[in-house]
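Asker: Take a look at the following structure, please.
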Amino acid sequence: MKHDQLAFATGTPSSSVITGAYAGDAVERVRRFLPMVKRLAWHVHGTGRPGIELEDLIQTGLVALTECAQRHSGPGEDGFAAYAKMRVRGAMVDLIRRTVPLSRGAVERRRQLREKENELRGTLGRDPNSEELAAALGIGEAELASLRASTEPLRFESIEDTYSDSDMAFADDSPDSLSLLQDEELRGQVVEAIAGLPERLQLVVQLYFVEEMNLSEIAEVLSVSIPRVHQLKAQALKHLREALAGVAEVI
C-alpha cells in the first residue's frame with residue numbers, strides 16, 4: 027500500500043470508483059459485455075507473447091467482468107464499460123506477466139538495479155532514495171521509474187479487501203494522520219473529493235493507490251504513455267489538494 031501521497035480512509039462511500047454494487051441484473055450485464063471480453067482477449071493474444079492460450083485469456087477476462095458486475099458501482103452503463111474494460115484487460119495482462127517469465131534483458135536490468143542499490147546502501151548506510159539511485163545510474167528519475175516498472179510483476183487485489191470500514195486505501199504512517207482519519211466526516215469529505223474527479227482521473231487514483239500498480243502498468247492498462255500517466259496523476263493530486271484545502275493534506 028502506498029503511504030506517501032494522501033491520507034484517506036473509507037467508510038461506505040457511494041463513489042463511482044470505490045464501493046457498492048452495480049444496479050441491475052449482473053448476469054445480464056456479463057452477457058452484454060462478453061463480446062468486449064473476447065475482443066480484448068484477441069487483442070492481448072495478438073501481442074505475440076508465447077505460452078498463453080486464447081481461451082485462458084477469455085476465461086480470465088470473464089472472471090474479472092463477473093466480479094465487476096457483481097461487486098462494483100459505477101456512474102451508469104458508460105462508466106461500467108470503461109471500468110470493466112480496464113479491469114478485464116488488466117487481468118489478462120496480469121495473467122501473461124505471471125505466466126510468461128521475464129525476458130533475459132529484464133532479468134539483467136533487474137540484477138544491475140539491485141547491485142547498484144546494494145552498492146549505495148553500503149556507502150550511505152541506508153536505503154538510497156530515487157534521486158540518489160537515478161544519479162548513480164546516470165539516468166533521470168522518470169527513466170528509473172520506467173526501469174523499475176519493466177522488471178516488476180503486476181499486482182492486483184480485490185477492491186473489496188482494500189475498501190472497508192477498517193482498511194485505508196490511502197494511508198499515512200503518522201499517528202496524527204491516523205487519528206484524523208477516524209473522523210467519519212473527514213473520510214466523507216475525502217471520498218467526495220475523489221468522486222468529484224473526472225472519471226479518468228478517478229481511475230488513475232484507483233490504479234495507483236488501491237491496485238498499487240506502477241506507472242508503466244497503468245500506462246499499459248489505459249493505453250497511454252508513461253509521461254501521460256505522470257500528467258494524469260499530477261492533475262488528480264492537484265484537484266484533490268484544491269478540494270481538500272484546509273481539510274486534509276495531500277502531499
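Per the working numbering, numbering through the sequence shown is continuous, rising by one, with the last residue being 277. We put the beta carbon where it would ideally sit given N, CA and C, even for glycine.
The alpha helix (DSSP H) spanning Gly87 covers which residue range?
Answerer: Its alpha helix (DSSP H) spans residues 80-97.
Asker: Using the three-state DSSP reduction, which class does Val250 fall into: helix, strand or coil?
Answerer: Looking at Val250 - three-state DSSP - the assignment turns out to be coil, as it is neither helix nor strand.
Asker: Rounded to the nearest angstrom, what separates His265 and Leu258 at their Cα positions?
Answerer: Their Cα atoms are separated by approximately 11 Å.
Asker: From Lys64 to Val70, what does the alpha carbon distance come to, in whole angstroms?
Answerer: Looking at the two C-alpha atoms, the distance is approximately 10 Å.
Asker: Can you tell me whether Ala271 is helix, strand or coil according to DSSP?
Answerer: In this structure, Ala271 counts as coil in the three-state DSSP scheme.
Asker: Between the region 132-144 and the region 155-174, do three or more beta carbon pairs fall short of 8 Å?
Answerer: Output reads yes: the region 155-174 touches the region 132-144.
Asker: Please list, in chain order, all residues of the same chain as Leu170 whose beta carbon is under 8 Å from its beta carbon, the five residues on each side excluded.
Answerer: The residues are Ser156, Leu159, Ala160, Leu163.
Asker: Under 8 Å between the Cβ atoms of Gly116 and Val250?
Answerer: No, Cβ-Cβ distance for Gly116 and Val250 is not below 8 Å.
Asker: Taking the C-alpha atoms as reference points, what is the distance between Val56 and Thr92?
Answerer: When rounded, the distance between both Cα atoms is 6 Å.
Asker: If you reduce the DSSP assignment to three classes, tell me which class Arg181 lands in.
Answerer: Here the model assigns Arg181 a pLDDT of 42, short of 50, so the residue's position is not dependable and the matter cannot be decided.
Asker: Compare the beta carbon distance of Ala269 and Val230 with 8 Å and say whether it is the shorter of the two.
Answerer: No.
Asker: Can you look up Leu223 in the DSSP assignment and give me helix, strand or coil?
Answerer: Leu223 falls in the coil class under three-state DSSP.
Asker: Out of Pro224, Pro253, Val216, Ile244, which one is the CA nearest neighbour of Arg267?
Answerer: Comparing Cα-Cα distances from Arg267 to each of Pro224, Pro253, Val216, Ile244, the minimum goes to Val216.
Asker: Can you have a look at Gly87 and say buried or exposed, based on whether 16 or more other CB atoms are within 10 angstroms of its CB?
Answerer: So Gly87 counts as buried.
Asker: Does the distance from the CB of Leu80 to the CB of Met118 come in under 8 Å?
Answerer: Not closer than 8 Å, so no.
Asker: Verify whether the separation of the beta carbon atoms of Ala90 and Arg58 is less than 8 Å.
Answerer: No, the pair does not count as a contact, with Cβ atoms beyond the cut-off.
Asker: Just to check my reading of the structure: Glu218 and Ala108 have Cβ atoms closer than 8 Å, yes? What is that Cβ distance to the nearest angstrom?
Answerer: In fact, because the Cβ distance is near 21 Å, the residues do not count as touching under 8 Å.
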